[in-house]
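Asks: Chains as they are written, first to last, in the numbering used here: chain A, 1280 to 1418; chain B, 18 to 400. Using N, Cα and C, we set each Cβ at its ideal position, and we do this for glycine too.
#1: So the alpha helix (DSSP H) residue 270 of chain B belongs to, where does it begin and stop?
#2: Need the endpoints of the beta strand (DSSP E) that residue 317 of chain B sits in, please.
#3: Under 7 angstroms Cβ to Cβ from residue 83 of chain B, same chain only, skipping five residues before and after it: list those, please.
#4: Are the CB atoms of residue 292 of chain B and residue 380 of chain B within a distance shorter than 8 angstroms?
#5: Could you check what DSSP says for residue 356 of chain B in three-state terms: helix, strand or coil?
#6: Suppose contacts are defined by Cβ-Cβ distances below 8 angstroms. Is residue 242 of chain B in contact with residue 67 of chain B by that definition?
#7: Would the segment 1300-1318 of chain A and the segment 176-189 of chain B be scored as touching if the rule is three or more Cβ pairs under 8 angstroms?
#8: Where does the unbroken beta strand (DSSP E) through residue 1410 of chain A begin, and where does it stop?
#9: Let me see if you follow: with CB-CB separation under 8 angstroms, is residue 1348 of chain A close to chain B or not?
#10: Of the residues B:191, B:164, B:95, B:350, which one's Cα is nearest the Cα of residue 340 of chain B?
#11: How far does the alpha helix (DSSP H) with residue 304 of chain B in it extend, from its first residue to its last?
#12: Nearest chain B C-beta to residue 1329 of chain A closer than 8 angstroms, yes or no?
#13: From this set, B:301, B:255, B:265, which residue's C-alpha is nearest residue 182 of chain B's C-alpha?
#14: For residue 157 of chain B, collect the residues of the same chain with a Cβ closer than 7 angstroms to its Cβ; drop the 5 residues on either side in sequence, then sort them by chain order.
#15: Thinking C-alpha only, which one of B:20, B:305, B:366 is nearest residue 344 of chain B?
#16: Over what stretch of residues does the alpha helix (DSSP H) that includes residue 1319 of chain A continue unbroken?
#17: Compare the C-beta of residue 291 of chain B with all C-beta atoms of chain A and state if any pair is closer than 8 angstroms.
#18: In whole angstroms, what is the alpha-carbon distance linking residue 29 of chain B and residue 251 of chain B?
#19: If you drop the 5 nearest sequence neighbours on each side, which residues of the same chain put their C-beta closer than 7 angstroms to that of residue 1418 of chain A?
#20: Looking at residue 229 of chain B: is its Cβ nearer than 8 angstroms to the Cβ of residue 356 of chain B?
#21: Is DSSP giving residue 186 of chain B helix, strand or coil here?
#22: Following a CB-centred definition, is residue 389 of chain B positioned closer than 7 angstroms to any heavy atom of the ligand COA?
#23: So, using beta-carbon positions, are residue 352 of chain B and residue 172 of chain B closer together than 8 angstroms?
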């Protein structure tokens, strides 16, 4: 039976519709970062055994955005929009946004993570990827 | 104890030469490089056999690029090596040549930058650290995001950012070595094609091929080899730093530039007000504004207003990108940093013709490169 798989399982899990990001925290100095790596702490040089997983909530503020109009990469279809989101948990991340263009986007908008279907793999499973979308104000 | 460049033996730029930056052609990198080196030797009135060491700044040619090029000047057996430091490869090759002369290991040293477009084999891509956007965010988009951040933070319009391209293409039109030698209007810059965000094609530098050569020498060598002392320009600071950890959405290239420039000012014992000519890594319009601000040529957020005021035109307070910068002269990678030194030297000699900044005495060259690295040199005519 077909199931859903994450395009980048090392970066987020798909157990929630609003996934957290798989960040890391340095036990020695407290530095929190994304994307994850286990080579050593960039802030203090602590060894890999001092680096632990840190779930970073998929919510934050849109710092900046840009719609890519032209792209030469294979299988990359423009236009699409990339944003820098400063997560509520600290790090800034770059992510593709759900909106293809920047219409209606404003610097400072609240954003949250969602899962978007981006294709089907060879086993027939639905491949989903994490994107950010604007959090509409609730009244 | 550690020493600065200025505390070591004085180093002078005595020869400069270039092969025009241009779209990729059938011309071999050997021909590109030799053209620049021969022009630099002629400029210095030096024989190749007087050169004691050579560094080739190149990011794309591949392994062992130096001797297959330089042997055609006569195989004198001197030490040679390639210097790869991304966009700052030519700047770093120049620094190595300066250090050879400053230390006394060499009396005369050559830095030559040469490159042709080709496949990139990069460390960051091989570090196996993946982010969310991957190949979808290429440099165009990195700088489009910074453009958007800057415009929002300071209430600046894209017309004000794009004015950098108008100025730099105007300068490039007077530079026979520039890839783009045509003045453009603001309307032409903004007309597109749109690449990423607010960045149009003319707000992005052309990446082609070319070469730039710089020969440095000690005071002893200038006397002994009969080099014209009045055309020699002293290198008073050579500083390089790499990226640290910055918090939130801080722009790492700007923060790195701020720190590197501060060290260079201290070592050269100058302030921003002393600068007559400056070349920065203006691969994208937004970068010139960010780096001008980090250099202290104006306050943060006032870069666009400074450019549109004419203060950074040739003839203004400080000529910024008089060569045309990366935006017009071009960014063939390996040559770019060495080409900046050639331009500053030409300006400080008073030999820049239609591009001459009046009474130019002190100049600064700035490059950043993927990694991130930053290299800053300060040159002064102390004649």
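Replies: Short version:
#1: 269-285
#2: That residue, residue 317 of chain B, is in no beta strand (DSSP E); it is neither H nor E in DSSP.
#3: 71, 73, 97, 98, 99
#4: yes
#5: helix
#6: yes
#7: no
#8: 1405-1413
#9: yes
#10: B:191
#11: 302-311
#12: no
#13: B:301
#14: 212, 213, 216, 221
#15: B:305
#16: Where residue 1319 of chain A is concerned, there is no enclosing alpha helix (DSSP H), given that its DSSP letter is neither H nor E.
#17: no
#18: 4 angstroms
#19: Bear in mind that the predicted position of residue 1418 of chain A carries a pLDDT of just 45, short of 50, making it unreliable; the figure below should be weighed with that in mind. Once the five neighbours on either side are set aside, residue 1418 of chain A has no close Cβ partner at all.
#20: yes
#21: helix
#22: The ligand COA is absent from the structure shown, which contains no ligand whatsoever.
#23: no
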